[in-house]
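Here is the structure we will look at.
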Ligand code: ASP
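Here's what the structure looks like:
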């Protein structure tokens, strides 16, 4: 068996957390490839090293003194070295990085050093080989991740290395300049490594025991999701459920490598499994609920709209010409509604409305703002009767007015639009009816 394990920033935030990660890795000899993040926060008032690196580099880039921020960064690593009595010094690395900051090597280079330095320390602590992903994880000139070249290069590199630490979050352009993924991108690196070595499982160690059925900021102590499919996760992640970077499933998905989200502080918890498909029934009719506030609906009415060929295309063209992507498009016989992100739409509102008028000559255009969208997701909904009925009666009982409903054609999700101020109550009502009532 081959396991790739990724440890997030809070799992490697200081010497104590390194010890926990080391214990977990050494517990299972199959945990052969380790992908670390940069040290994260040790407590709520602390700084993430990545944030400090961005801050120091911003000062360096405008020729200001960055030595104070930089020594805070040095302290973080030295605390780990001293706490673990490592026989390594990063002083030469620090000097090189400071010089490169002064030479304005770029923001991505700066940010990547958090993972790079943590990787050196973790490799020394575990006695694993250190493998720099620069020159292996590759990006094209436009900054797009070159997946297949990278998988091949990573596979070739690791072929003869039994155990390695590969820092997360970055790779390089073909000319060697460093390029990072977006924030939280070490999850993607872990997935790339898992795919390249054809791992049996990709374990992603973090500070929660997996996914919750609903956001714990809204539902107190929500139930855990034991198993979720990649597709369900995509739907929930898109609607705001965040534990894993949303691009992290792509590399492993093709190979069907399962991802296991685990808690470094509670290694005995089983966590959540993300799998390609499963015959296992989910615990509840629904797998999860997620949602976001801040949408607008643009409602267009015109008599006999349904028989006018090309009407929909013209409406969407008005959005496309203004560079606005739309989220949902429920329609009636003589009405069509386009749901968009409020902050994106608001500044172009009048130009979109003018263009819809010009292209389609509608009877009316009505805009409603401050809407929230809630996604109720679950592979079990397809086979269950009355799911939407249960949702709407729960919402009616909670006195929530439903503004929109859209069931995805895969029958995997139902999207509900409510007013922003009803958002929390709506989620509670749905949780109660599907989770508490089914426990
Ligand atoms: N250290 C980077 C960040 O804070 C990447 C990561 O942790 O995945 O975003």
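Residue numbers (the working numbering): 8 to 446.
Every residue gets a Cβ at the ideal spot worked out from N, C-alpha and C, and that includes glycine.
Item, Value
"Three-state secondary structure (DSSP) of residue 414", "strand"
"For residue 349, the nearest candidate out of 299, 230, 74 (CA to CA)", "299"
"Identity of the residue in 90, 117, 85 nearest residue 58 by Cα", "117"
"Cβ-Cβ distance between residue 46 and residue 52 below 9 Å", "no"
"Residue 44: CB within 8 Å of a non-hydrogen atom of the ligand ASP", "yes"
"Closest by C-alpha distance to residue 141, when choosing among 175, 74, 354", "175"
"Outcome for residue 260 when other beta-carbon atoms lying within 10 angstroms are tallied against a minimum of 16", "buried"
"Burial state of residue 285 (16 or more Cβ within 10 Å)", "exposed"
"Contacts around residue 405, its chain only, beta-carbon distance under 6 Å, and the 5 residues preceding and following it disregarded", "432, 436"
"Close-in-space but distant-in-sequence residues of the same chain around residue 375 (CB under 6 Å, 5 per side omitted)", "304"
"Heavy atom of the ligand ASP within 8 Å of residue 191 beta-carbon", "yes"
"Complete runs of the alpha helix (DSSP H) confined to the stretch 48-73 [at least 4 residues]", "56-68"
"Limits of the unbroken alpha helix (DSSP H) element including residue 155", "154-165"
"Rounded distance between the beta-carbons of residue 279 and residue 235, thought under 8 Å", "6 Å"
"Bridge-paired residues (DSSP) for residue 338", "343"
"Integer-rounded CB distance, given that residue 250 should sit under 8 Å from residue 213", "7 Å"
"The stretch 413-421 / the stretch 384-399 touching (three or more Cβ pairs under 8 Å)", "yes"
"Delimiting residues of the beta strand (DSSP E) encompassing residue 377", "371-384"
"Collapsed DSSP secondary structure at residue 297 in the structure displayed", "strand"
"Three-way DSSP call (helix, strand, coil) for residue 15 in this model", "coil"
"Sequence-distant residues of the same chain with beta carbon closer than 7 Å to residue 202, five excluded per side", "158, 258, 259, 262, 264"
"Proximity below 9 Å, CB of residue 93 to CB of residue 40", "no"
"DSSP-derived helix/strand/coil call for residue 146", "strand"
"Buried versus exposed call for residue 83 [16 or more other C-beta atoms within 10 Å across all chains shown]", "buried"
"C-alpha distance - residue 27 paired with residue 323, whole-angstrom precision", "52 Å"
"CA-to-CA distance, residue 290 to residue 446, given in whole angstroms", "8 Å"
"Exposure label - residue 252; buried when at least 16 CB within 10 Å", "buried"
"Residue 252 beta carbon near the ligand ASP (any heavy atom closer than 8 Å)", "yes"
"Cβ-based neighbour list, residue 418, same chain, cut-off 7 Å, excluding 5 preceding and 5 following", "388, 389"
"Residue from 113, 180, 277, 271 with nearest C-alpha to residue 143", "180"
"Beta-bridge pairing of residue 348 - partner residues as DSSP gives them", "302"
"Residue 274 to residue 217 span [Cα, whole Å]", "11 Å"
"beta-carbon residue 15 near the ligand ASP non-hydrogen atom, thresh 8 Å", "yes"
"Residue range of the unbroken beta strand (DSSP E) whose run includes residue 210", "208-213"
"Residue 270 (DSSP reduced to helix, strand or coil)", "strand"
"Start-end ranges of the beta strand (DSSP E) lying completely within the stretch 203-259, minimum 3 residues", "208-213, 234-236"
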